[in-house]
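Asker: One structure, pasted below without further comment.
Numbering (my numbering), first residue to last: 25 to 267.
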């Protein structure tokens, strides 16, 4: 992903998260810029939580607050949410980053264990609820987006962000169904027209399952921040897809 596109995505996602954290009766317009470190980055702490089937996973909790944003990684187990988690923490929310049980210390992926990814996210959600989170926002890329979409209704999430994720993984027998996302919470889908890992059509299929009102805002691959500043959208409800 190019630096400009990454910055664009950060801008959109943090605006979305801040809005999702607000109460339904007081929607917030999307910010015109990414918050410039309003507070020093709060200290993070390593934690351990248990999945429904008894697996023990490690994660990092960033910041504190009643709103918890859970970031789920891709199927290749590469980290990449830490900067976003710090930004979330700077804005008065709690963030949790973690790895799938199928992510090995060597950097490889256990093809059998990785398929239990949905239970891994279930464990993360339960853990954050037990820590006192009153609102949960699920954010995931690729495999992480699949899990987040699958558990939207089940977890009673308050917001959903999906980055380049398909609606199904046929070889694993995994499918996201309409009922899994049948909620009027804010939902944001991000993809890129030139994505060669998860083709845009596959993310579009997942997006089409999202219930409620939706709008599409296409943007070129090298989109700049100023293309978003004047949109003036309100993310208080509905589903959007950003290319």
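Note that CB positions come from ideal geometry on N, CA and C, so glycine has one too.
Report back the beta-carbon spacing between residue 274 and residue 109 to the nearest angstrom; my notes put them in contact at under 8 Å.
Answerer: Any answer about residue 274 is impossible in this case: the structure gives the chain only from 25 up to 267.
Asker: What did DSSP end up calling residue 72 once you bin it into helix, strand or coil?
Answerer: strand
Asker: Can you give the beta carbon distance from residue 124 to residue 93, rounded, assuming they're within the 8 Å contact cut?
Answerer: For a cut-off of 8 Å, the C-beta gap from residue 124 to residue 93 is around 18 Å, too long to register as a contact.
Asker: Which stretch, first to last residue, makes up the beta strand (DSSP E) that contains residue 82?
Answerer: 80-86
Asker: Does the distance from the C-beta atom of residue 79 to that of residue 144 stay below 9 Å?
Answerer: yes
Asker: Could you check how far apart the C-beta atoms of residue 184 and residue 162 are, in whole angstroms? I think they sit under 8 Å.
Answerer: 5 Å
Asker: Out of 180, 203, 72 and 164, which has the shortest C-alpha to C-alpha gap to residue 158?
Answerer: The closest CA to that of residue 158, considering only 180, 203, 72 and 164, is found on 180.
Asker: Answer yes or no: do residue 133 and residue 164 have a C-beta to C-beta separation smaller than 9 Å?
Answerer: No; because the gap between Cβ atoms is not below 9 Å, this pair is not in contact.
Asker: Tell me which residues share the same chain as residue 84 and place their Cβ nearer than 8 Å to its Cβ, disregarding the 5 neighbours each side in the sequence.
Answerer: 68, 69, 70, 71, 106, 109, 120, 121 and 122
Asker: Measure the Cβ-Cβ separation of residue 151 and residue 199 and say whether it is below 9 Å.
Answerer: no
Asker: Who are the Cβ neighbours of residue 76 in its own chain at under 6 Å, not counting the five residues just before and after it?
Answerer: 143 and 146
Asker: Judging by CA-CA distance, which residue of 214, 155, 204 and 127 is the nearest neighbour of residue 88?
Answerer: For residue 88, the nearest C-alpha among the options comes from 155.
Asker: Applying the criterion that 16 or more other CB atoms from any shown protein chain within 10 Å of the CB defines a buried residue, is residue 232 buried or exposed?
Answerer: With fewer than 16 other Cβ atoms within 10 Å, it is exposed.
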